[in-house]
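> Quick one: this structure, given as structure tokens, is what I'll be asking you about.
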Amino acid sequence: MGKLCLLDCTKAELAALVKPSFRAKQIWNWIYHQYATSFGAMQNLPKAMREELTQAYDIMPLKIARKECSSDGTIKYLFELRDGKTIETVWLKMKDEAIDDEGNVEHEARFTVCVSTQVGCKVGCSFCLTAKGGFTRDLSAGEIVAQVLAVKMDNNLAAHRRLNIVYMGMGEPLDNLENLAKAITIFKDEDGLSISGKRQTVSTSGLSTKIDKLGEMDLGVHIAISLHAVDDELRSELIPMNKAYNIASIIDAVKRFPIDARKRVMFEYLVIKNKNDDLVSAKKLVKLLHGIKAKVNLIFFNPYEGSDYGRPTRADMTKFQDYLEAHGVLCTIRDSKGLDISAACGQLKEKELNEVAQ
Ligand code: SAH
Ligand code: SF4
């Protein structure tokens with residue numbers, strides 16, 4: 007410990023630290039484009055500067071503690087932070103040919119990194135394994151940025167290759183809004199990873215006041231709402247925080263959120279057997295989303311040892327999807343990628359803990 011983490015700095019902050027300020031751009035280039043892991047490698051910097059930086063800063067605040075590769079190309083990482091705590095990050099390879107949101111056919115393989123924003127989570131959803139371990143701490147901006155950088159490096163991905171970020175790993179991103187906003191800004195910087203706001207999606211369990219705050223920051227990011235239920239009673243059972251931020255307050259906040267005219271707000275709906283997989287729920291969902299440019303993503307509940315809920319059948323999922331589509335609501339089923347590895351949020355960490363305990 008002791009040293010600061012360079013990835014915590016925006017380029018403007020770094021430019022205020024190193025003189026002359028063009029050095030900041032050179033350092034960023036080394037880190038984000040050349041994947042340098044030490045200041046010693048930064049040969050176009052004066053030797054004295056390299057030494058000073060080495061004294062005061064570390065670059066990478068995490069290391070790979072465990073890695074699981076799935077047959078479909080998904081890789082799940084367990085990263086160890088400097089204080090020994092661990093977080094999960096998932097690397098997903100999408101289809102080689104895909105149609106983007108503007109209707110253009112993309113032929114390049116597309117990559118998505120699913121990042122964590124906290125160690126643990128305070129929200130305490132009853133279906134989520136991350137919640138079981140409680141909350142430990144927020145991640146710093148640098149620890150959020152480092153997950154994407156480390157995954158790009160580990161996969162030897164050329165620096166210019168575009169990828170998407172989804173804030174759907176461990177933690178509630180809007181409960182760590184300040185560091186999240188800083189990380190988004192660092193990701194967007196064109197001298198760095200250059201991942202535009204429209205390629206970043208913040209998933210939230212619905213802290214409506216923070217949805218407003220994120221909107222006011224005007225970072226150009228998308229939001230995904232983890233809705234999961236259409237009435238407050240069930241939603242409060244699944245997400246206790248719903249008592250404070252109910253469905254109506256979330257829908258109102260979504261309506262105020264600045265959305266690119268060509269885009270849609272994603273609503274994630276975790277489908278749980280015999281809980282919310284019926285067509286009465288589907289009907290209520292259609293009504294709830296009326297007037298919103300929405301897209302629903304149905305997620306299979308992924309059971310884990312000791313979980314209270316069951317996985318729905320594919321037939322029920324398809325019926326639910328068909329109902330929404332027939333009533334004009336765009337709907338996709340998220341086929342759990344990496345099912346042969348510990349795919350759902352929190353499951354790899356759990357595995358590591360069990361093995362250590364044995
Ligand atoms: N806290 C934020 C983002 C992280 S959770 C949020 O809740 O939106 C990311 C996603 O993982 C959520 O949509 C959540 O519903 C999903 N998830 C959690 N536990 C799951 C499980 N057991 N099976 C399937 N998806 C799960
Ligand atoms: Fe936290 Fe999201 Fe898990 Fe709920 S689903 S406990 S908000 S990480």
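Heads up: the sequence shown is residues 7 to 364, going by the numbering used here.
Backbone N, C-alpha and C fix where the C-beta goes; we use that ideal spot for every residue, glycine too.
Comparing the CB of residue 5 with every heavy atom of the ligand SAH, is any distance shorter than 7 Å?
Given that the chain is displayed from residue 7 to residue 364, the structure contains no residue 5 and the question cannot be resolved.
> Alpha carbons only, please: which of 308, 268, 266 is nearest the one belonging to residue 278?
308
> Taking 7 Å as the line, does the beta carbon of residue 272 fall inside it for any heavy atom of the ligand SAH?
no
> Between the alpha carbons of residue 363 and residue 197, how many angstroms are there, rounded?
The predicted model places residue 363 with a pLDDT of 46, which falls under 50 and marks its position as unreliable, so this point remains unresolved.
> How about residue 283: is its C-beta nearer than 8 Å to some C-beta of chain D?
As a matter of chain content, chain D is missing from the structure shown, which is built from one protein chain.
> By the three-class DSSP mapping on this structure, what secondary structure does residue 230 have?
strand
> Taking the alpha helix (DSSP H) that residue 326 belongs to, which residues open and close that run?
320-332
> Please tell me whether, using a cut-off of 7 Å, the distance from the CB of residue 142 to the nearest non-hydrogen atom of the ligand SF4 is below it.
Judged by the Cβ position, residue 142 fails to qualify as a neighbour of the ligand SF4 at the 7 Å threshold, every heavy atom of the ligand being at least this far.
> Can you check which of these residues, 297, 242, 98, 301, is closest to residue 169 by C-alpha distance?
98
> Looking at C-beta atoms only, is the number of pairs between the stretch 184-198 and the stretch 8-24 that lie closer than 8 Å three or more?
yes
> Is it the case that the stretch 267-276 contacts the stretch 229-240, given that we only count it when at least three CB pairs across the two stretches are under 8 Å?
yes
> Which residue from 259, 243, 199, 245 puts its Cα closest to that of residue 222?
259
> Determine the closest residue to residue 253 out of 266, 126, 239, 95, with distance taken between C-alpha atoms.
239
> Could you check which residue in 69, 80, 199 has the C-alpha nearest to that of residue 38?
199
> Less than 8 Å between the C-beta atoms of residue 131 and residue 244, yes or no?
yes
> Between residue 305 and the ligand SAH, is there a pair consisting of the residue's CB and a ligand heavy atom that are separated by less than 7 Å?
yes
> Would you report the Cα separation of residue 250 and residue 129, rounded to the nearest angstrom?
11 Å
> Is any non-hydrogen atom of the ligand SAH found closer than 7 Å to the C-beta of residue 179, if you look at the structure I gave you?
yes
> Using only alpha-carbon positions, find the residue among 125, 145, 148 that is nearest to residue 2.
This structure does not reach residue 2, given that the chain is present from 7 up to 364, and the question cannot be answered.
> Per DSSP, what kind of secondary structure is residue 132 in: helix, strand or coil?
DSSP, reduced to helix, strand and coil, places residue 132 outside both helices and strands of the structure shown, so it counts as coil.
> Pull up the distance between the alpha-carbon of residue 35 and that of residue 48, whole angstroms please.
10 Å
> Just to confirm, does residue 120 get its C-beta within under 7 Å of one of the non-hydrogen atoms of the ligand SF4?
no
> Would you call residue 20 buried or exposed, if buried means 16 or more other Cβ atoms sit within 10 Å of its Cβ?
buried
> Only counting the same chain, and skipping five residues up and downstream in sequence, which positions put a Cβ closer than 7 Å to that of residue 216?
180, 183
> Per DSSP, residue 302 is paired with what?
273, 337
> Could you give the first and the last residue of the continuous beta strand (DSSP E) run that contains residue 124?
124-126
> I think residue 123 touches residue 91, with their Cβ atoms under 8 Å apart; what is that distance to the nearest whole Å?
About 13 Å; that fails the 8 Å criterion.
> Just confirm the distance between the C-beta atoms of residue 156 and residue 247, as a whole number of angstroms; I'd bet it's less than 8 Å.
So it is not a contact: roughly 31 Å between Cβ atoms.
> Taking 7 Å as the cut-off, is the beta-carbon of residue 312 closer than that to any non-hydrogen atom of the ligand SF4?
no
> Quick one: what's got a C-beta closer than 7 Å to residue 242's C-beta in the same chain, skipping five residues either side?
248, 249
> What are the boundary residues of the alpha helix (DSSP H) that residue 244 is part of?
238-244
> Please return the same chain residues whose Cβ sits closer than 7 Å to the Cβ of residue 335, not counting the five positions on each side in sequence.
292, 295, 300, 302
> Go through its chain and collect everything with a Cβ distance to residue 147's Cβ below 6 Å, but skip five positions before and after it.
The beta carbon of residue 147 sits closer than 6 Å to the beta carbons of 14, 185, 188, 189 from its chain, once the five residues preceding and following it are set aside; these are given in chain order.
> Residue 93 and residue 176 look like a contact to me (Cβ under 8 Å); what is the Cβ gap, rounded to whole Å?
6 Å
> CB of residue 75 to nearest heavy atom of the ligand SF4: below 7 Å?
Distances between the C-beta of residue 75 and the heavy atoms of the ligand SF4 are all 7 Å or more.
> Closest to residue 121 by CA distance: which of 178, 76, 167, 330 is it?
178
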